[in-house]
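First comes the structure, then the notes that go with it.
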Amino acid sequence: MGTGTGTVESPETPATPATPATLYGPVSLGFGVIALIAAFFLGLFALLAGSLAITFGVLGLIGGYNRPQCLAGLVLGAVGVLYPLSFLFAFTGGF
């Protein structure tokens with residue numbers, strides 16, 4: 002029986018642990034956006050930011066935290082890497 006206060010006790014939802022792995026999603030998304038913007042202006046910087054976005058995105062997907070942000074960062078980072086590389090191959094005939 003209840004105590005008569007009229008409140009319903011609910012089990013506490015487990016909080017997300019405060020580990021560095023929880024930051025992989027936002028960091029990957031940030032680097033992915035930077036890589037996508039830089040791909041149009043600074044190709045070399047886009048390759049660097051895109052590779053970091055891909056790395057943090059994969060690490061975040063393995064860790065399992067913030068999966069949508071990690072996936073978005075992974076996709077944006079891949080576009081940020083492949084866009085400058087496609088121009089490099091198209092206009093120079095490769096390396």
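Residue numbers for the sequence shown, in the numbering used here: 2 to 96. We treat Cβ as the ideally placed atom computed from N, Cα and C, and that holds for glycine. Here the structure is a predicted model, which is why all the values come from computation and not from measurement.
- In the displayed model, glycine 65 falls within coil according to three-state DSSP, outside both helix and strand.
- For glycine 33, the uninterrupted alpha helix (DSSP H) segment begins and ends at 25–42.
- Inter-segment contact for the stretch 37–46 and the stretch 71–89 is present: three or more beta-carbon pairs are separated by less than 8 Å.
- Close CB contacts of arginine 68 within its chain, under the 8 Å cut and outside five residues either way in sequence, are with Gly26, Gly61, Leu62 (chain order).
- In the three-state reduction of the DSSP assignment, threonine 20 falls in the coil class, being assigned neither a helical nor a strand state.
- For the set Gly78, Leu24, Ala91, the Cα lying nearest the Cα of alanine 39 is the one of Gly78.
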